[in-house]
Amino acid sequence: MLRLISPRGVQCNRSGFLHNEVPARFDSQKPVQEEPVRPDHSEAVEEPEGSQSKQTFDKPLTLNYQKVEKPERKPTVREWPPQVATNSVVTWCGESVVRVKVNQDLLGIGRLIQPERITLGGCAATEEDAEAHVLTFESELHGCGSELTMTEDVLIYTFTLVYEPKPLANTSIVKTSAAMVDIECHYLRNHDVSSNALKPTWIPYTSNMVAEELLYFSLRLMTPSNHYYLGDIINMEASVMPYHHVPLRVFVDRCVATLAPDVHTVPRYSFIEDHGCLVDAKLTGSSSQFLSRSQDDKIQFQLESFRFQPQKDSQQLYITCHLKATAASSPIDAENKACSFTDGWKAAGGDDQVCGCCDSSCAASKARDLDRDSGRYLRWEGEATLGPIIVQE
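In case it helps, the numbering used here puts the sequence shown at residues 31 to 423.
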């Protein structure tokens with residue numbers, strides 16, 4: 031006869047099935063009930079054939095469950111495509127012009143932009159390839175709102191390609207984002223004149239000009255941002271860069287503000303007239319003025335920001351100035367001056383009497399005309415455009 035040995039804490043009931051009895055130390059919080067007297071089965075119970083053997087345990091069974099950590103759920107981050115596709119703009123910088131080719135799928139999302147919604151510094155595309163969906167912009171280096179920056183070794187012309195989406199038909203919504211791309215043309219500063227040198231914008235008043243009299247005029251903002259609120263002061267600087275030349279003095283002859291780079295568009299506002307009379311302060315009561323010179327080849331001036339009617343949330347302004355340069359040794363006179371109106375006309379340099387013609391007309395003197403005809407008087411002129419300047423309320 032076989033005798034069934036039950037594990038400690040495990041007993042067989044009368045029917046031969048195992049019965050778990052949890053040790054008392056696990057039920058310390060419950061009152062111990064007296065176990066009813068069970069008959070002693072001293073005789074062994076014969077195990078059925080094929081049954082498993084029973085294993086004895088010296089200690090009560092303790093079940094441990096592995097803690098399953100809930101996986102951390104990371105938020106889904108959608109990576110948007112770059113604002114402008116890297117291969118959608120190609121630039122060629124020539125001797126005196128810049129050419130920019132733009133893929134109409136500018137943003138790289140499979141949506142073609144409308145040609146009239148993209149400009150190079152306010153200038154429209156000069157050519158459109160309908161089959162290849164490519165727009166071409168071409169401009170002279172000093173055109174289309176370019177900015178000239180000069181370092182010791184390099185001339186940098188910067189253009190801005192601007193895309194402004196148009197709301198969908200009969201709605202006020204747009205499906206694409208606005209985009210701006212800065213385009214730069216770098217040129218080594220040549221100190222000699224050759225067929226590969228940059229060609230300046232200058233108009234000599236004598237016929238015996240020599241190569242060493244190569245000049246560059248520039249007009250730039252004095253602040254890193256081109257965004258202004260209505261009534262802010264816009265600080266600008268005009269300068270001339272001579273090469274192998276006698277010291278020069280630069281003047282702002284006249285300036286016009288427009289909504290486009292073309293100086294002949296309307297509306298337009300002339301705020302410097304008559305060979306250097308800054309009339310904005312007299313016309314509007316603003317604080318616009320020329321500042322005192324620190325260098326002869328540079329002149330700084332301030333213009334109180336404004337906007338054309340009808341009013342919009344913001345406007346893009348372009349400022350085009352006609353600049354002049356004379357020898358620094360030449361006297362300041364009615365034709366070459368920088369006059370501001372502050373309780374009367376005052377000169378930024380020289381005698382205030384040179385500003386006396388700002389209320390009438392500052393015509394050239396007969397003596398100066400004779401000097402010019404004889405070739406003894408040297409003067410250079412050029413135009414520079416600054417923009418876009420963003421003005422908002």
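Beta carbons: idealized from backbone N, C-alpha and C, even for Gly.
Beta strand (DSSP E) segment containing residue i, residue limits
i: Thr-166; result: 164 to 170
i: Leu-185; result: 184 to 193
i: Gln-325; result: No beta strand (DSSP E) holds Gln-325; DSSP gives it neither H nor E.
i: Ala-209; result: 209 to 218
i: Val-128; result: 127 to 133
i: Ser-370; result: 369 to 371
i: Ala-377; result: 375 to 377
Residue i (DSSP reduced to helix, strand or coil)
i: Ala-287; result: strand
i: Leu-313; result: helix
i: Gly-386; result: helix
i: Arg-250; result: strand
i: Pro-340; result: coil
i: Pro-145; result: helix
i: His-294; result: coil
i: Val-280; result: strand
i: Glu-423; result: coil
i: Trp-410; result: strand
i: Glu-158; result: strand
i: Asp-381; result: coil
i: Ser-269; result: strand
Same chain only: Cβ atoms within 7 angstroms of residue i, ignoring 5 sequence neighbours per side
i: Asp-262; result: Ser-335
i: Ser-269; result: Ser-248, Val-280, Asp-327 and Lys-328
i: Val-296; result: none
i: Ala-378; result: Phe-320, Leu-321, Ser-322, Arg-323, Ala-368 and Ser-370
i: Thr-253; result: Asn-265
i: Cys-430; result: There is no way to answer for residue 430, as the model of the chain reaches only from 31 to 423.
Sequence-distant residues of the same chain with beta carbon closer than 8 angstroms to residue i, five excluded per side
i: Gln-134; result: Leu-142, Ile-143, Pro-145, His-163, Val-164 and Leu-165
i: Leu-260; result: Ser-335, Phe-336, Arg-337, Val-421, Gln-422 and Glu-423
i: Cys-385; result: Cys-307, Lys-367, Cys-369, Trp-375, Lys-376 and Ala-377
i: Leu-416; result: Gly-175, Glu-177, Leu-249, Arg-250, Leu-251, Met-266, Tyr-348, Ile-349, Thr-350 and Cys-351
i: Thr-190; result: Leu-150, Gly-151, Gly-175, Met-210, Val-211, Asp-212, Ile-213 and Pro-418
i: Ser-317; result: Ile-263, Ala-311, Gln-332 and Glu-334
Residues of its chain near residue i, where Cβ-Cβ distance is below 6 angstroms and the 5 sequence neighbours each way are ignored
i: Thr-121; result: Val-130 and Ile-213
i: Leu-321; result: Gln-330
i: Val-132; result: Val-119 and Leu-165
i: Val-286; result: Val-293, Arg-298, Ser-300 and Thr-350
i: Thr-179; result: Ile-186
i: Ile-302; result: Val-282, Arg-284, Cys-285 and Leu-308
i: Pro-361; result: none
Residue environment, residue i, which counts as buried when at least 16 other CB atoms sit within 10 Å
i: Gly-315; result: exposed
i: Glu-177; result: buried
i: Thr-356; result: buried
i: Asp-283; result: buried
i: Asp-310; result: buried
i: Thr-156; result: exposed
i: Trp-110; result: Low confidence applies here, because Trp-110 scores a pLDDT of 40, under 50, leaving its location unreliable and the question unanswered by this model.
i: Ile-139; result: exposed
i: Glu-182; result: exposed
i: Pro-418; result: buried
i: Asn-117; result: exposed
i: Lys-354; result: buried
i: Thr-149; result: buried
i: Glu-51; result: Residue placement at Glu-51 is flagged as unreliable, the pLDDT there being 46, under the threshold of 50; the coordinate-derived value follows with that caveat. Exposed, because fewer than 16 other Cβ atoms sit within 10 Å of the Cβ of Glu-51.
i: Glu-365; result: buried
i: Leu-429; result: Any answer about residue 429 is impossible in this case: the structure gives the chain only from 31 up to 423.
i: Pro-291; result: buried
i: Thr-288; result: buried
i: Ala-414; result: buried
i: Leu-313; result: exposed
i: Gln-346; result: buried
i: Val-128; result: buried
i: Gln-325; result: exposed
i: Ser-391; result: exposed
Residues that DSSP places opposite residue i in a beta bridge
i: Asn-117; result: Bridge partners of Asn-117: none, in fact.
i: Thr-350; result: Val-286 and Thr-415
i: Phe-301; result: Beta-bridge pairing links Phe-301 to no other residue.
i: Ile-264; result: Leu-333
i: Leu-308; result: Ile-302 and Ser-370
i: Glu-177; result: Thr-188
i: Cys-392; result: DSSP, once it has assigned bridges, lists no residue as partnering Cys-392.
i: Ala-355; result: Val-280 and Trp-410
i: Leu-150; result: Cys-153 and Leu-191
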